[in-house]
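Take the sequence shown: its letter number 461 is residue 464 in the numbering used here, and every next letter is one higher. Heads up, the beta-carbon is just placed ideally off N, CA and C, and yes, glycines get one too.
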Amino acid sequence: MANVLQLLSYSAAPYFPVTHKPSPSYFSLPTTNAITHYPSHNKTSFSSTSTRSASSSSSSSSSTVALLKPVSDQVKESLGQGKVIRWRDLWSMNSWVVRDYHRLVSSVNAFEPQIQRLSDEQLAAKTSEFRVRLSRGETLADIQAEAFAVVREAARRRLGMRHFDVQIIGGAVLHDGCIAEMKTGEGKTLVSTLAAYLNALTGNGVHVVTVNDYLARRDAEWMGLIHRSLGLSVGLIQSGMKAVERRSSYKCDITYSNNSELGFDYLRDNLSGNRAKLVMRWPKPFHYAIVDEVDSVLIDEGRNPLLISGEANKDAERYPVTAKVAELLVPGLHYNIELKDNSVDLTEEGLLLLKWFLRPMTYGMKVIHGPEADHFCRFLMNALKAKEFYRRNVQYIVRNGRALIINELTGRVEEKRRWSDGIHQAVEAKEGLKIQADSVVVAQITYQSLFKLYPKLSGMTGTAKTEEKEFLKMFKMPVIEIPTNLPNIRRDWPIQAFATAQGKWKHVREEVQYMFRLGRPVLVGSTSVENSEYLSDLLKDWKIPHNVLNARPKYAAREAEIIAQAGRKYAITISTNMAGRGTDIILGGNPKMLAKEILMDSLLPFMTQEAPNVETHGEPISQKGLSKVKVGPSSLALLAKTALMAKYVCKSEGNSWSYQKAKSTILESIELSSSVKIEELEKQMAEESEMYPLLPTIAFAYHSVLEDSELHCSNEGNEVKELGGLHVIGTSLHESRRIDNQVIHLYSKFLYIHARKFLHTFCMSFDTSKELYYC
């Protein structure tokens with residue numbers, strides 16, 4: 004047994020240095036083979052008399068040490084009880100760590116009965132009690148179990164959601180400054196409330212960081228119900244907010260923000276010369292952060308700098324010239340392409356041709372030569388990179404005279420982001436767009452540098468284990484795999500390889516057609532707008548009805564509706580990586596979205612004669628092949644009554660409403676239905692009957708249609724489960740295996756519980772352009 008522990012110690016040594024920020028006590032470097040236990044933490048620690056635990060500074064000094072029962076004895080007991088021993092678990096640090104977290108779970112469960120007996124006021128008063136105990140010298144470790152039990156009970160009362168035992172483990176991992184790797188669908192958002200609440204008790208502020216504004220707003224509103232019910236203040240940072248609003252949000256106990264807003268606020272504060280204009284908590288703006296999708300933020304985008312630009316220079320007119328020269332150069336003859344590092348090198352023929360270009364070429368009124376010719380070469384290299392490596396509808400799209408970057412991970416357009424070092428200007432020149440002049444960087448910081456400023460940092464994701472070494476090296480954060488609450492029911496098919504891209508796409512089309520005939524919903528994932536639209540054209544040739552979701556405005560505007568349909572019978576959806584974070588595909592369809600569509604289809608023709616703008620409101624959703632929602636007689640009568648009232652109200656104002664006004668009225672009515680009880684709607688309709696109360700009438704009709712939609716979606720969902728659930732096909736490999744894992748986990752979220760069977764078919768093909776695909 005001693006040899007085993009020594010071996011583990013030696014193997015862990017390079018990755019768990021003592022001199023790092025507070026982290027779990029079980030990652031201290033041992034010099035002996037003793038395993039010690041700290042009851043106040045409910046954690047296990049490798050320790051010795053000569054090496055102090057890295058987290059001991061943050062743990063209680065009064066912690067007592069008790070030797071654990073030797074693992075060999077536990078193995079013997081398990082064998083005696085007839086249990087199956089997986090020997091690889093004995094060598095797995097992760098299994099030992101998770102096993103010891105179950106002690107904390109037992110403590111939390113022990114507190115649960117007495118916490119459940121508290122009234123809402125008594126439950127909220129626990130926050131003040133915890134703060135008093137901390138002020139008297141107790142540590143967070145001393146109150147951790149009881150605090151987690153309080154949050155669990157608040158979630159049960161406010162959201163109807165009770166933290167599972169594995170979610171308690173996840174919260175403890177976050178509190179210990181680690182990365183919790185939880186499979187998609189395991190409730191990472193709910194897990195974050197545990198660590199956020201516990202660390203907010205110190206009064207120093209907690210930042211919960213998401214990847215976009217939508218998720219930050221959703222989590223602040225949704226999880227904020229828990230924190231507010233316990234007496235904590237919750238803030239939200241969104242793009243476009245004024246400084247006063249930002250300052251108020253950062254002063255809250257818990258602040259939700261996306262990663263970019265957090266970084267730019269820090270940069271702006273550092274550039275500010277007026278103390279009154281600062282928005283963050285100075286002199287200590289950072290205390291503790293929980294980063295959602297931590298691998299995406301700290302690894303994929305970790306080295307991308309956040310830039311604040313200043314005065315622009317005047318090189319814009321050179322880009323169109325070099326773009327024309329680049330078009331004349333031939334790859335393989337005038338320059339060589341290095342696909343591995345996305346670089347180009349001029350050959351001797353290319354250099355000779357360039358000299359020939361430069362001799363007669365005049366730039367303004369003078370000939371280009373000497374140092375200026377070298378400067379011209381830099382512009383030419385950028386033009387060649389833009390020509391070879393930056394493809395329209397893959398890395399960027401052109402919209403309203405601008406080249407907008409498509410984020411590879413999310414599939415979304417990033418309007419405020421630009422490539423640096425003249426690449427973006429070279430792309431604009433290639434497309435014949437107006438060149439936005441280069442700018443001088445006034446301040447910059449990378450995400451990795453930003454989050455290193457936090458004394459305590461943790462993260463959540465579904466795919467971090469493959470990058471654990473980098474997390475340990477850069478942030479001293481180990482990755483702990485959290486067990487799933489239920490067994491994984493997804494079925495993964497092996498990778499299929501094809502000789503040509505044409506053969507791959509043909510196979511995808513045939514498989515989609517086969518699934519469509521069965522009635523099974525299909526989600527086809529692609530990594531670019533170009534590929535998604537190419538496959539769409541192939542399906543149109545075979546008259547297979549489908550929906551497309553990518554970064555183009557006409558599709559992105561209908562994202563919620565497309566996702567709502569993607570789990571229905573016969574639904575075929577082609578999507579880039581947009582269909583992932585913050586969205587859910589429900590087998591059988593989303594009843595709320597379907598009820599809204601029925602209302603829109605039934606009422607809009609009576610309220611407006613104006614056709615919707617496709618670029619603004621999106622392209623109509625393909626309904627062909629989908630089973631119609633069976634609306635009951637009472638709902639039909641209400642829809643007819645509402646349509647006639649809407650028509651009368653519109654005419655009484657003298658003319659037809661605009662499409663936007665009519666749509667906004669319906670959406671406002673739907674919001675009303677969710678905040679007002681049916682009885683109150685009926686009372687309001689009766690009292691205002693002579694005034695034609697359009698909003699409550701639409702809201703009442705929505706209630707009725709929603710009941711029909713819920714019944715229909717439930718029945719159709721059962722049929723889809725019998726067919727095997729959602730069938731997912733990936734069509735292109737990413738540069739990183741971990742990003743492929745992200746896509747798999749994102750898609751598996753849509754059927755982790757609902758589907759009986761998950762199929763994921765990969766297909767690789769190599770064509771003449773040496774591109775690697777998978778499907």
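Can you name the start and end residues of the beta strand (DSSP E) that residue i belongs to?
{"i": "M463", "result": "459-464"}
{"i": "I237", "result": "The question names Ile, but residue 237 in the sequence shown is Val. Taken as a continuous stretch (DSSP letters only), the beta strand (DSSP E) holding V237 covers 237-239."}
{"i": "D295", "result": "291-295"}
{"i": "R405", "result": "405-409"}
{"i": "G528", "result": "525-528"}
{"i": "H730", "result": "730-733"}
{"i": "N550", "result": "550-552"}
{"i": "Y399", "result": "399-402"}
Among the options, which one has its Cα closest to the Cα of residue i?
{"i": "G206", "options": "M244, H178, I257", "result": "I257"}
{"i": "V788", "options": "M603, R102, I732, A329", "result": "Examination of residue 788 is not possible in this model, given that the chain is present from 4 through 778 alone."}
{"i": "N215", "options": "E264, W225, H549, G234", "result": "E264"}
{"i": "N488", "options": "S251, E189, E141", "result": "E189"}
{"i": "Y338", "options": "L309, L349, H510", "result": "L349"}
{"i": "G305", "options": "E473, E671, P608", "result": "E473"}
{"i": "S735", "options": "G570, Q499, S672", "result": "Q499"}
{"i": "P308", "options": "G506, F454, K572, P490", "result": "F454"}
{"i": "P548", "options": "R512, T196, S531", "result": "R512"}
{"i": "E391", "options": "I340, A432, I400, L436", "result": "I340"}
{"i": "L597", "options": "F379, P497, S676, L709", "result": "L709"}
{"i": "A446", "options": "G528, V401, L270", "result": "L270"}
{"i": "A640", "options": "L193, L602, V397", "result": "L602"}
{"i": "L383", "options": "E330, D344, W422, E536", "result": "E330"}
{"i": "V652", "options": "V347, L606, T464", "result": "L606"}
I need the boundaries of the alpha helix (DSSP H) containing residue i, first residue and last residue.
{"i": "Y537", "result": "532-544"}
{"i": "Y450", "result": "450-454"}
{"i": "Q439", "result": "Counting along the chain, Q439 falls outside any alpha helix (DSSP H), and DSSP gives it neither H nor E."}
{"i": "L121", "result": "First-last for L121: undefined, no H or E at that position."}
{"i": "S260", "result": "Premise fails: S260 lies in the beta strand (DSSP E), 257-261, not in any alpha helix (DSSP H)."}
{"i": "L670", "result": "662-678"}
{"i": "Y558", "result": "556-559"}
So, for residue i: in the same chain, excluding its five sequence neighbours on each side, which residues have a beta-carbon less than 7 Å away from its beta-carbon?
{"i": "M477", "result": "Q451"}
{"i": "A157", "result": "L126, I229, S232, L233"}
{"i": "K543", "result": "none"}
{"i": "D92", "result": "Low local confidence applies: a pLDDT of 44 at D92 is under 50, so the model's placement there is unreliable, with the coordinate-based value given in what follows. For D92, where only same-chain residues beyond five positions count, the Cβ hits under 7 Å are S98."}
{"i": "S242", "result": "D216, E264"}
{"i": "D711", "result": "V632, K633, V634, G635, S638"}
{"i": "S707", "result": "S637, S638, L641"}
Leaving out five residues on either side along the sequence, give the residues of the same chain with a beta carbon under 6 Å from the beta carbon of residue i.
{"i": "I756", "result": "Its pLDDT being 33, under 50, I756 is placed unreliably in this model, and the value from its coordinates should be taken loosely. Excluding positions up to five away in sequence, the list is empty."}
{"i": "Q428", "result": "Y322, I438"}
{"i": "E719", "result": "K572, G591"}
{"i": "V430", "result": "A389, Y393, A406"}
{"i": "H730", "result": "M518, R523, V525, L762"}
{"i": "E471", "result": "V482"}
Can you find the residues in the same chain that come closer than 8 Å, C-beta to C-beta, to residue i, ignoring five residues on each side of it along the sequence?
{"i": "G353", "result": "L332, L336, H337, Y338"}
{"i": "S661", "result": "T611, E613"}
{"i": "E115", "result": "A152, R155, E156"}
{"i": "P486", "result": "V101, V169, I172"}
task: Decide yes or no for the touch test of the stretch 348-363 against the stretch 514-528: beta carbon pairs closer than 8 Å, at least 3 of them.
output: no
- prompt: Are three or more beta carbon pairs between the stretch 201-218 and the stretch 180-187 nearer than 8 Å?
  reply: no
- prompt: Taking one C-beta from the stretch 637-650 and one from the stretch 699-708 each time, how about it: are there three or more such pairs within less than 8 Å?
  reply: yes
- prompt: Quick check: the stretch 657-672 against the stretch 628-642, are there 3 or more CB pairs under 8 Å?
  reply: no
query: For the 8 Å Cβ check, are there 3 or more pairs between the stretch 293-305 and the stretch 388-406?
result: no
- request: Any chance you could list the alpha helix (DSSP H) runs of at least 4 consecutive residues sitting entirely within the stretch 146-182, in chain order?
  value: 168-178
- request: Count the C-beta pairs between the stretch 105-121 and the stretch 135-155 that are closer than 8 Å, then say yes if the count reaches three, no if not.
  value: yes
query: Given 8 Å as the limit, is there contact between the stretch 681-688 and the stretch 590-610, that is, 3 or more CB pairs closer than that?
result: no
task: Identify every run of the alpha helix (DSSP H) within the stretch 187-255, keeping only runs that are complete inside it and at least 4 residues long; order them along the chain.
output: 191-203, 216-225, 227-232, 246-253
- request: Evaluate the contact criterion for the stretch 121-135 versus the stretch 162-173: three or more CB pairs, one atom per stretch, below 8 Å.
  value: no
- prompt: Which runs of the alpha helix (DSSP H), 4 residues or longer, sit entirely within the stretch 467-533?
  reply: 471-478, 504-521
task: At 4 residues or longer, and completely inside the stretch 566-613: list those alpha helix (DSSP H) runs for me, N to C.
output: 594-610
query: Taking the runs of the alpha helix (DSSP H) that are 4 residues or longer, which of them lie wholly in the stretch 298-354?
result: 321-331
- request: Could you say if the stretch 586-602 and the stretch 530-550 meet the contact criterion of at least three C-beta pairs nearer than 8 Å?
  value: no
- prompt: Three or more beta-carbon pairs under 8 Å between the stretch 281-288 and the stretch 415-431, yes or no?
  reply: no
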